[in-house]
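Undergrad: According to the UniProt record's numbering, the sequence shown is numbered sequentially starting from 1.
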Amino acid sequence: MPNQGFSILEQRKNAIHKTGEAPCTLSCDTKSLAGSVSQRACVFCGSRVVLYPIADALHLVHGPIGCAAYTWDIRGALSSGPELHRLSFSTDLKEKDVIFGGEKKLEAALLHLIEKYAPKAAFVYSTCIIGIIGDDVEAVCRKVEAKTGIPVRPVHSEGFKGTKKDGYKAACTALFSLFDQKALPASRPLSINILGEFNIGGEAWIIKDYYRRMGIDVVSVMTGDSRVEEIMKAPEAKLNVVQCSGSMTGLARDMEKAFGIPFIRVSYFGIEDVAKALYDVASFFEERDLMERTKDLVREEIRAILPEIQRYKTDLQGKKAALYVGGAFKAFSLIRALDALGMEVVMAGTQTGAGDEYEELARICKPGTLIVDDANPLELSACVVEKGADLFIGGVKERPIAFKLGLGFCDHNHERKIPLAGFEGMVNFAREVHATVTSPVFRFFDRKARI
Numbered sequence: 001m002p003n004q005g006f007s008i009l010e011q012r013k014n015a016i017h018k019t020g021e022a023p024c025t026l027s028c029d030t031k032s033l034a035g036s037v038s039q040r041a042c043v044f045c046g047s048r049v050v051l052y053p054i055a056d057a058l059h060l061v062h063g064p065i066g067c068a069a070y071t072w073d074i075r076g077a078l079s080s081g082p083e084l085h086r087l088s089f090s091t092d093l094k095e096k097d098v099i100f101g102g103e104k105k106l107e108a109a110l111l112h113l114i115e116k117y118a119p120k121a122a123f124v125y126s127t128c129i130i131g132i133i134g135d136d137v138e139a140v141c142r143k144v145e146a147k148t149g150i151p152v153r154p155v156h157s158e159g160f161k162g163t164k165k166d167g168y169k170a171a172c173t174a175l176f177s178l179f180d181q182k183a184l185p186a187s188r189p190l191s192i193n194i195l196g197e198f199n200i201g202g203e204a205w206i207i208k209d210y211y212r213r214m215g216i217d218v219v220s221v222m223t224g225d226s227r228v229e230e231i232m233k234a235p236e237a238k239l240n241v242v243q244c245s246g247s248m249t250g251l252a253r254d255m256e257k258a259f260g261i262p263f264i265r266v267s268y269f270g271i272e273d274v275a276k277a278l279y280d281v282a283s284f285f286e287e288r289d290l291m292e293r294t295k296d297l298v299r300e301e302i303r304a305i306l307p308e309i310q311r312y313k314t315d316l317q318g319k320k321a322a323l324y325v326g327g328a329f330k331a332f333s334l335i336r337a338l339d340a341l342g343m344e345v346v347m348a349g350t351q352t353g354a355g356d357e358y359e360e361l362a363r364i365c366k367p368g369t370l371i372v373d374d375a376n377p378l379e380l381s382a383c384v385v386e387k388g389a390d391l392f393i394g395g396v397k398e399r400p401i402a403f404k405l406g407l408g409f410c411d412h413n414h415e416r417k418i419p420l421a422g423f424e425g426m427v428n429f430a431r432e433v434h435a436t437v438t439s440p441v442f443r444f445f446d447r448k449a450r451i
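1. Give me the Cα-Cα distance between A402 and G215, rounded to the nearest whole angstrom.
2. My output table needs one value for F445: the three-state DSSP class, helix, strand or coil.
3. For a test of the three-state rule: what should DSSP assign to E272, helix, strand or coil?
4. Determine the DSSP secondary structure at N193, reduced to helix, strand or coil.
5. In angstroms with no decimal places, state the Cα-to-Cα distance between Y358 and E292.
6. For E138 and V242, I'd like the C-alpha separation in whole angstroms.
7. Just checking my contact of A322 with F392 at CB under 8 Å: how many whole Å lie between their CB atoms?
8. Taking the straight line between their C-alpha atoms, what separation do you get for G318 and C365?
9. Whose C-beta lies closer than 8 Å to the C-beta of I129 among residues of the same chain, with five residues either side of it excluded?
10. Alpha carbon to alpha carbon, how far is I114 from A121? Give it in angstroms, no decimals.
11. For T25, does the three-state DSSP call read helix, strand or coil?
12. Alpha carbon to alpha carbon, what distance is there between E386 and I192?
13. DSSP three-state label for D315, please.
14. Report the residue ranges of all alpha helix (DSSP H) runs contained in full by the stretch 148-236; include only those spanning at least 4 residues, in chain order.
15. For D411, does the three-state DSSP call read helix, strand or coil?
16. Can you find the residues in the same chain that come closer than 6 Å, C-beta to C-beta, to A344, ignoring five residues on each side of it along the sequence?
17. So, at 8 Å on beta carbons, what are the nonlocal neighbours of I271 in its own chain, with the 5 sequence-adjacent residues on each side left out?
18. Give the range of the beta strand (DSSP E) segment to which V124 is assigned.
19. Which residue from S90, G201, Y279 puts its Cα closest to that of L290?
20. Under the three-state reduction of DSSP, which class applies to G342: helix, strand or coil?
21. Comparing alpha-carbon positions, which option in Q351, A174, K143 lies nearest P154?
22. Run the CB neighbour count on L87, radius 10 Å, all protein chains shown included, and call it buried at 16 or more, exposed below.
23. Please state the DSSP three-state secondary structure of S88.
24. Would you tell me roughly how many angstroms separate the C-alpha atoms of F6 and F285, rounded to the nearest one?
25. Nearest-angstrom Cα distance between A252 and V441?
26. Name the residue from I207, V325, E287 whose alpha carbon lies nearest to the alpha carbon of D273.
27. Does DSSP put L93 in a helix, a strand or coil?
28. Using only alpha-carbon positions, find the residue among A109, F445, Y168 that is nearest to G406.
29. Measure the alpha-carbon distance for M1 versus P23 and round it to whole angstroms.
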């Protein structure tokens, strides 16, 4: 247990574990402790980050302007065509709307925006205040859909009603409602859907190119650089490949139940995991030529990047890293990728990990590694200082913690602008880690004096 001159809240003690001391039985998958200043995002934010990259859809936040401002252009999700998703629309509810209701304002906003921008579908996000005043968002969506002829979907994402995971569920419910129920399930040979890939820095394009070279037809990507029409055709795929397990596994299960489409979980980060993902897809289709093409692709890509990776590894050998990410599946991949660079992970935490995932995390980490769930800034600061980390990997809310401690930081969240997926993404990651860890500026900081 970290001890840097402050007391950890009693109710948080079971959310921090040191590997090698006892079985990992973290208290997790619960609502954040009031007053602990959790790093988690709200339900609304969880739904927004999943649906936001659908580039030809209208995204309307029903609530005060602050919610829309907070999530404006929240992902570095690129589009090869329309960029309607990058505009942030809000009904901008005021005190009068809270008292008398905002349904008329919502309807007027939808009709105006649909007429002006001609989207292929519209999503309406409910925020905290909507859950309190009781606007019938579903009724308004049905009314506007009947008038305009495009799908208008409510997203029940009132921020206070759960965790970021509940936002994922709300988003997946909205996505499922878009599917063409008359489509012939699993009708396209050698075809897949990619779930939980959001095209950060163009990552979906890299992954789709791998599958193109393998001879695999990608029906839809949910939701990076996606189009409404592609999503509607998703039931036609033979296999669902789930990249971000926390956000999309529920949707994959629903599709398996409704359409009989099986799914596998993969990761496209790190040499080992990317290769395994491509091999797993090839194995599913049981075609010899497909597997041979996949082996050639992996061999060619690894041969191209290995010399540069080895150069960075020489300088990074023995350096220590701390990581705090959204889900455990990403943490698994990061640990393996850092190991490939010769680095040791001394702290690993997530916002939304489950019990079995933390058990696996403890298993693949070395003894003495700190495992944390739903941490707050004070806990994270104490952990990275106690373990002597040379690098902190996280998202936008962890960056200030690292910089205040004089610690190198690598952004692995959705705000970044460079791709880290695929084989070329591993080179980008190694290059950024190397430049950060070897930067001379961090020699001038006394980290323990700053906590």
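Where is the CB? At the ideal position from N, CA and C, for every residue including glycine.
TA: So, to answer that:
1. Position 402 of the sequence shown, counting from 1, holds the residue named residue 402. Position 215 of the sequence shown, counting from 1, holds the residue named residue 215. Taking the straight line joining both Cα atoms gives about 43 Å.
2. Taking the sequence shown and counting its residues from 1, one reaches residue 445 at position 445. DSSP, reduced to helix, strand and coil, places F445 outside both helices and strands of the structure shown, so it counts as coil.
3. In the sequence shown, the residue the question calls residue 272 occupies position 272. It is helical.
4. Translated into the one-based positions of the sequence shown, residue 193 becomes position 193. Assignment of N193 by DSSP, reduced to helix, strand and coil, places it in the strand class.
5. For the purposes of this step, residue 358 is taken as residue 358 along the sequence shown, with counting starting at 1. For the purposes of this step, residue 292 is taken as residue 292 along the sequence shown, with counting starting at 1. When rounded, the distance between both Cα atoms is 36 Å.
6. Taking the sequence shown and counting its residues from 1, the one referred to as residue 138 is at position 138. Taking the sequence shown and counting its residues from 1, the one referred to as residue 242 is at position 242. If I take the Cα positions, the gap works out to 29 Å.
7. Locating residue 322 in the sequence shown gives position 322, counting from the first residue. Locating residue 392 in the sequence shown gives position 392, counting from the first residue. Rounded, the Cβ-Cβ distance is 5 Å, consistent with contact.
8. In the sequence shown, the residue the question calls residue 318 occupies position 318. In the sequence shown, the residue the question calls residue 365 occupies position 365. For G318 and C365, the distance between alpha carbons rounds to 15 Å.
9. Here the question's residue 129 lines up with position 129 in the sequence shown. Taking C-beta separations shorter than 8 Å and ignoring five residues to either side along the sequence, the partners of I129 in its chain run G63, P64, L93, V98, following chain order.
10. Working through the sequence shown from its first residue, we reach residue 121 at position 121. Working through the sequence shown from its first residue, we reach residue 114 at position 114. Cα to Cα, A121 sits roughly 9 Å from I114.
11. By one-based count along the sequence shown, residue 25 stands at place 25. Of the three classes helix, strand and coil, the one that applies to T25 here is coil, per DSSP.
12. Taking the sequence shown and counting its residues from 1, one reaches residue 192 at position 192. Taking the sequence shown and counting its residues from 1, one reaches residue 386 at position 386. Each residue's alpha carbon lies about 45 Å from the other.
13. Translated into the one-based positions of the sequence shown, residue 315 becomes position 315. D315: helix per DSSP, three-state reduction.
14. Scanning the stretch 148-236 from its first residue to its last, the whole alpha helix (DSSP H) runs of 4-plus residues come out as 164-176, 203-214, 228-232.
15. One-based indexing of the sequence shown puts residue 411 at position 411. The answer is strand: DSSP assigns D411 an E or B state.
16. Translated into positions along the sequence shown, residue 344 becomes position 344. Reading off the sequence shown, one finds Glu at residue 344, where the question assumed Ala. Here E344 has K320 as same chain residues with Cβ atoms under 6 Å from its own Cβ, once five neighbours each way along the sequence are excluded.
17. For the purposes of this step, residue 271 is taken as the residue at position 271 of the sequence shown. Closer than 8 Å at the Cβ level, and outside the excluded window around I271, lie I302, I305, I309, A337, A340, F423, M426.
18. Start at 1 with the first residue of the sequence shown, and residue 124 comes out as number 124. Element bounds for V124: 121-126.
19. In the sequence shown, counting from the first residue as 1, residue 290 sits at position 290. Considering only alpha carbons, the answer is Y279.
20. Here residue 342 refers to the residue found at position 342 of the sequence shown. Three-state result, G342: coil.
21. Numbered from 1 along the sequence shown, position 154 holds the residue referred to as residue 154. Answer by Cα proximity: A174.
22. Working through the sequence shown from its first residue, we reach residue 87 at position 87. L87 is exposed by the Cβ-count criterion.
23. The residue you call residue 88 lines up with position 88 of the sequence shown. Three-state DSSP puts S88 in coil, outside helix and strand.
24. By one-based count along the sequence shown, residue 6 stands at place 6. By one-based count along the sequence shown, residue 285 stands at place 285. Legend: pLDDT at F6 = 45, less than 50; position of this residue unreliable, no value from coordinates given.
25. Looking up residue 252 in the sequence shown gives position 252. Looking up residue 441 in the sequence shown gives position 441. A252 and V441: Cα-Cα distance of roughly 46 Å.
26. Taking the sequence shown and counting its residues from 1, one reaches residue 273 at position 273. The candidate whose alpha carbon is nearest that of D273 is I207.
27. Residue 93 sits at position 93 when you count from the first residue of the sequence shown. Of the three classes helix, strand and coil, the one that applies to L93 here is coil, per DSSP.
28. For this step, residue 406 is matched to residue 406 along the sequence shown. Considering only alpha carbons, the answer is F445.
29. Your numbering for residue 1 matches position 1 in the sequence shown. Your numbering for residue 23 matches position 23 in the sequence shown. Caution is warranted here: a pLDDT of 46 is assigned to M1, below 50, making its placement in the model unreliable, and the coordinate value is therefore given only provisionally. Taking the straight line joining both Cα atoms gives about 15 Å.
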